[in-house]
Amino acid sequence: MKFTPAKVNFFNFFKLPLAFLGGVRVLSITDNEVVVSIKHRWMNQNPFKSMFWAAQGMAAELPTGLLVMKAIDDSKRKVSMLVTHQEADFFKKATGRITFSCTGGKEIRTAIQESIKTGEGQVIVLTSEGINKDGVVVSKFSFQWSLRVKK
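Quick note: the sequence shown uses the working numbering, first residue 3, plus one each step.
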């Protein structure tokens, strides 16, 4: 599959309906960065009139996962991928449109090449920061991905 925002958003409609209905949308995809946005609205809010942490988590994980999927597709190898740990920090109420981005494409490709070379699984930590329209970081998520090339 060619990784374009339109194709991934269409895919999400059918395969990740909760993310789609919650307003998660892919804005851009390159080899090294994926940018996703989510808008605070009734569907994804908490009782404190800000975005629920789980909605932010869905939007934060997607850029990391898409970068991993794209790197796997580009490698032309079968690679298992799994989130094995996740941490989050929240700095400000998330209201309005929040943009999450991850720039770990190079590190993912290095991990896949190392797994090809050694046959061992590799662990990589990818970070996704949520930024509001004023450029303020509202949350920061770290996802630990386990990658292993299948034989």
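C-beta atoms are modelled at their ideal positions from N, C-alpha and C, and glycine is treated no differently.
Note that the structure is a prediction, hence the values are computed from the model and not measured.
C-alpha of K94 to C-alpha of A21: approximately 22 Å in a straight line. CA-to-CA, the gap between R79 and G132 works out to about 31 Å. If you compare the alpha carbons of A56, S82, I114 with that of E89, the shortest gap goes to A56. Counting the other CB atoms within 10 Å of its CB gives F50 a total below 16, which places it among the exposed residues. In the three-state scheme derived from DSSP, where H, G and I count as helix and E and B as strand, V81 is classed as strand.
For F16, the enclosing alpha helix (DSSP H) stretches over residues 7-17.
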